[in-house]
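Peer 1:
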Amino acid sequence: MSYRWLKWLILWIPTLTIGLWEYVRHAFLLPYISMDLGNVLAPVLVFIVTLTLLRGLFKRLELMQDALQRERLSKSSFEQREKLARELHDGISQSLFLLSVKLDSLEHAHTPEGVRQTTEQIRGTVRHVYEDVRQSIANLKSSTAASPAEGPWLTAIHSLAEELRAAGGGYTAEVNWQLPEHALSDKEKVELMAIVREALMNVRKHTHEAHVSIACYPLEGGAWGSFHCIVADTGRGADAEQLEAKGRYGIRMMRERAKQMGWSLRVKSERDLGTRVEIATEPLSDI
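Residues in the sequence shown are numbered consecutively from 12, following the working numbering.
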């Protein structure tokens, strides 16, 4: 029996019981049962039917709800594994492949200068892998740990800014977060936090001694839960070609996350003028 049929039976059985009882009473039992006694027997009859029939239906309904809940949890777990696998493939596995290529180059280096350059490149790739591993672990924790709704959301935003200040690269950070905590669902909070974290991670990877601002505002006149968030830094920036170059896994992952949520994402960067990452629920050209 389907979930829909169970709900309809639970709704209709008491009504049909009363209707059938009234018909039988007036058609056949009225000479034998007084009106007052019939009125007393009606709720008793409904109670007996409820105990015998509806209790079993409610039990089946609870079992179906438990099965649906387990299916949701299983689906959520599967989605998180897929997400982690994608991040491992896009970032870490490709970096490790690049590392193996550079190790081969190191074996064939014939001059001290060539060895030095290749060694520096290997160190850079190792640092990149390390940052990708940290990012993947952070994303996994943010997805599987307690829901963001269970703790102060603004505290988590300030924690990201504090991590950046404590990174040791001469960073300063300010937060202007005006988006109400209850404006987004738990999933939206997790994905938005992951994008903001990735934007800050890119700052740490590609620039030093920069001032970073993290801001988020509700859209005026927009639907409930609409927002416009900005992560901007005053670092050295990059050309447009560099932003889309191979190895820029962070930007690609931010775009994928935004696309999955139906959000708009724009990355603007100019050399020596810094980088600006914008996320919004509406097309950014209209904001």
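Yeah, the Cβ is synthetic: ideal placement off N, Cα and C, and Gly gets one too. Remember, it's a predicted structure, so these values are computed and weren't measured experimentally.
Using C-beta distances below 8 Å, list every residue in its chain close to residue 25, excluding the 5 sequence neighbours before and after it, in chain order.
Peer 2: In the sequence shown, residue 25 corresponds to position 14, counting from 1. Answer for residue 25: 57, 60, 61, 65, listed in chain order.
Peer 1: What are the start and end residues of each continuous alpha helix (DSSP H) run of 4 or more residues lying completely inside the region 203-271, in chain order?
Peer 2: Whole alpha helix (DSSP H) segments, 4+ residues: 251-254.
Peer 1: Take the Cβ of residue 244 as the centre, count every other Cβ of all protein chains shown within 10 Å, and call the residue buried at 16 or more, exposed below.
Peer 2: Position 233 of the sequence shown, counted from the first residue, corresponds to residue 244. Per the 10 Å Cβ criterion, buried.
Peer 1: Is the number of C-beta pairs between the region 280-295 and the region 229-244 that are closer than 8 Å three or more?
Peer 2: Counting Cβ pairs under 8 Å, three or more are found: they touch.
Peer 1: If you measure from the beta carbon of residue 64 to each beta carbon in chain C, is any gap under 8 Å?
Peer 2: Of the protein chains in the structure, only one exists, and it is not chain C.
Peer 1: Go through its chain and collect everything with a Cβ distance to residue 184's Cβ below 6 Å, but skip five positions before and after it.
Peer 2: As a position in the sequence shown, residue 184 is number 173, starting the count at 1. The residues are 172, 175, 176, 223.
Peer 1: In the DSSP output, which residue or residues are listed as bridge partners for residue 86?
Peer 2: Indexing the sequence shown from 1 puts residue 86 at position 75. DSSP output for residue 86 lists no bridge partner at all.
Peer 1: If you reduce the DSSP assignment to three classes, tell me which class residue 72 lands in.
Peer 2: If you number the sequence shown from 1, residue 72 lands on position 61. Residue state, collapsed to three classes: helix.
Peer 1: Since residue 326 sits in a beta bridge, which residues does DSSP pair it with?
Peer 2: Lying before the first or after the last residue shown, residue 326 is absent from the chain, which here runs from 12 to 298.
Peer 1: Does the distance from the CB of residue 290 to the CB of residue 278 come in under 8 Å?
Peer 2: The count along the sequence shown starts at 1 and reaches residue 290 at position 279. The count along the sequence shown starts at 1 and reaches residue 278 at position 267. Contact: no.
Peer 1: Along the chain, where does the alpha helix (DSSP H) containing residue 185 start, and where does it finish?
Peer 2: Here residue 185 refers to the residue found at position 174 of the sequence shown. Residue 185 -> not in any alpha helix (DSSP H); beta strand (DSSP E) instead, spanning 183-188.
Peer 1: State buried or exposed for residue 113, treating a residue as buried only when at least 16 other CB atoms are found within 10 Å of its CB.
Peer 2: Reading the sequence shown from its first residue, position 102 is the one you call residue 113. So residue 113 counts as buried.
Peer 1: Write down the C-beta distance between residue 129 and residue 117 rounded to the nearest angstrom, noting that I regard them as a contact closer than 8 Å.
Peer 2: Residue numbering aside, residue 129 sits at position 118 when the sequence shown is read from its first letter. Residue numbering aside, residue 117 sits at position 106 when the sequence shown is read from its first letter. Residue 129 to residue 117, Cβ: 5 Å. Contact.
Peer 1: Would a C-beta distance cut-off of 8 Å place residue 180 and residue 219 closer than the cut-off?
Peer 2: Indexing the sequence shown from 1 puts residue 180 at position 169. Indexing the sequence shown from 1 puts residue 219 at position 208. Yes, these two residues count as a Cβ contact at 8 Å.
Peer 1: Please report the straight-line C-alpha distance between residue 45 and residue 54, rounded to a whole angstrom.
Peer 2: Walking along the sequence shown from the start, residue 45 turns up at place 34. Walking along the sequence shown from the start, residue 54 turns up at place 43. So the alpha carbons of these two residues sit roughly 15 Å apart.
Peer 1: Is the separation between the beta-carbon of residue 240 and that of residue 226 shorter than 8 Å?
Peer 2: Translated into the one-based positions of the sequence shown, residue 240 becomes position 229. Translated into the one-based positions of the sequence shown, residue 226 becomes position 215. It is a contact, given that the beta carbons lie within the stated cut-off.
Peer 1: For the candidate residues 188, 72, 297, whose alpha-carbon lies nearest to that of residue 19?
Peer 2: On the sequence shown, residue 19 is found 8 positions in, with the first residue counted as 1. The shortest C-alpha separation from residue 19 is found at 72.
Peer 1: Apart from the five residues on each side of it in sequence, which residues of its chain come closer than 6 Å, Cβ to Cβ, to residue 157?
Peer 2: Taking the sequence shown and counting its residues from 1, the one referred to as residue 157 is at position 146. Caution applies to residue 157, whose pLDDT of 42 falls short of 50 and renders its modelled position unreliable; the model cannot decide the point.
Peer 1: How should residue 13 be labelled, buried or exposed, when 16 other C-beta atoms within 10 angstroms of its C-beta is the threshold for buried?
Peer 2: Walking along the sequence shown from the start, residue 13 turns up at place 2. By the neighbour-count rule (16 or more Cβ atoms within 10 Å), residue 13 is not buried but exposed.
Peer 1: Could you compute how far the alpha carbon of residue 270 sits from the alpha carbon of residue 212?
Peer 2: The residue labelled residue 270 in the question sits at position 259 within the sequence shown. The residue labelled residue 212 in the question sits at position 201 within the sequence shown. If I take the Cα positions, the gap works out to 20 Å.
Peer 1: Please state the DSSP three-state secondary structure of residue 291.
Peer 2: Here residue 291 is taken as the residue at index 280 of the sequence shown, counted from 1. Here residue 291 sits in strand by DSSP.
Peer 1: If I measure Cβ to Cβ from residue 68 and keep anything under 7 Å in the same chain, skipping five residues before and after, which residues do I get?
Peer 2: Along the sequence shown, one-based indexing puts residue 68 at 57. Closer than 7 Å at Cβ, skipping near neighbours: 17, 20, 21.
Peer 1: Under 8 Å by Cβ, that's how I've got residue 186 and residue 168 pegged, so tell me the actual separation to the nearest angstrom.
Peer 2: In the sequence shown, the residue the question calls residue 186 occupies position 175. In the sequence shown, the residue the question calls residue 168 occupies position 157. Confirmed, about 6 Å.
Peer 1: Given a cut-off of 8 Å on the beta-carbon distance, is the pair residue 233 and residue 194 in contact?
Peer 2: One-based indexing of the sequence shown puts residue 233 at position 222. One-based indexing of the sequence shown puts residue 194 at position 183. Cβ atoms of residue 233 and residue 194: not closer than 8 Å.
Peer 1: Name the DSSP beta bridge partners of residue 110, please?
Peer 2: As a working mapping, residue 110 is identified with position 99 in the sequence shown. The partner list for residue 110 (beta bridge, DSSP) is empty, contrary to what the question assumes.
Peer 1: Determine the contact status of residue 190 and residue 293, defining contact as a CB-CB distance below 8 Å.
Peer 2: On the sequence shown, position 179 is the one that residue 190 refers to. On the sequence shown, position 282 is the one that residue 293 refers to. No, they are not a contact pair.
Peer 1: Who are the Cβ neighbours of residue 268 in its own chain at under 7 Å, not counting the five residues just before and after it?
Peer 2: On the sequence shown, residue 268 is found 257 positions in, with the first residue counted as 1. For residue 268, where only same-chain residues beyond five positions count, the Cβ hits under 7 Å are 202, 205, 206.
Peer 1: Does the Cβ of residue 40 have 16 or more other Cβ atoms within 10 Å, making it buried, or fewer, making it exposed?
Peer 2: On the sequence shown, residue 40 is found 29 positions in, with the first residue counted as 1. Classification of residue 40: exposed, given that the 10 Å Cβ count is below 16.
Peer 1: My guess is that residue 264 and residue 209 are in contact by the Cβ rule of under 8 Å, so how many angstroms apart are they, rounded?
Peer 2: As a working mapping, residue 264 is identified with position 253 in the sequence shown. As a working mapping, residue 209 is identified with position 198 in the sequence shown. So it is a contact: roughly 6 Å between Cβ atoms.
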